[in-house]
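Student: For the sequence shown, my numbering gives the first residue as 4, with consecutive numbering after it.
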Amino acid sequence: PDDPADYGAGLVFLPDDDASARDCMATLERIVAEEGQSVLGWREVEVHPEEIGEIAREVLPTIRQVFVGRGEDTAAEGFERKLLVIRKR
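Shown next, in the form of structure tokens:
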């Protein structure tokens, strides 16, 4: 989307296990679709585990950024409300 008001971005903390992370991402994509919006894409967030302590490194989640596009049937004024509903679900 050309207009920044037509998309939202969020940080998602996922399990380190690939299969579980995929399940969580699929669940979020399903919720976004149920709310009439679309997932535009995912971006892996760069982390520097060497900069944190050993205990923190042991529980470091996979961090991804998700981009959600405003659905065709969602008024611009209602998009932020939809994003909040998605976040709360």
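All residues carry an ideal CB built from backbone N, CA and C; glycine is no exception. On a predicted model such as this, the values are computed, not experimentally measured, just so you know.
Exposed or buried, which one is Q68 when buried takes at least 16 other CB atoms within 10 Å?
Tutor: When all chains shown are included, Q68 counts as exposed.
Student: So for G81, helix, strand or coil by DSSP?
Tutor: Three-state DSSP puts G81 in a helix.
Student: Within its chain, find whatever has a CB closer than 8 angstroms to the CB of A8; leave out the 5 residues flanking it on each side and keep chain order.
Tutor: Only R73, A79, F82 meet the Cβ criterion.
Student: Is T65 close to chain C? Criterion is C-beta to C-beta, closer than 7 angstroms.
Tutor: The structure shown contains no chain C; it holds only a single protein chain.
Student: Helix, strand or coil: which one does DSSP assign to I55?
Tutor: Reduced to three states, the DSSP call for I55 is coil.
Student: So, is V71 buried or exposed, given that buried needs 16 or more other C-beta atoms within 10 angstroms?
Tutor: Counting Cβ neighbours within 10 Å, V71 comes out buried, since at least 16 surround it.
Student: What residue does the beta strand (DSSP E) around R67 start on, and which one ends it?
Tutor: Unbroken beta strand (DSSP E) run through R67: 65-72.
Student: Please return the same chain residues whose Cβ sits closer than 8 angstroms to the Cβ of L17, not counting the five positions on each side in sequence.
Tutor: Contacts found: S23, A24, C27, M28, P64, T65, I66, R67.
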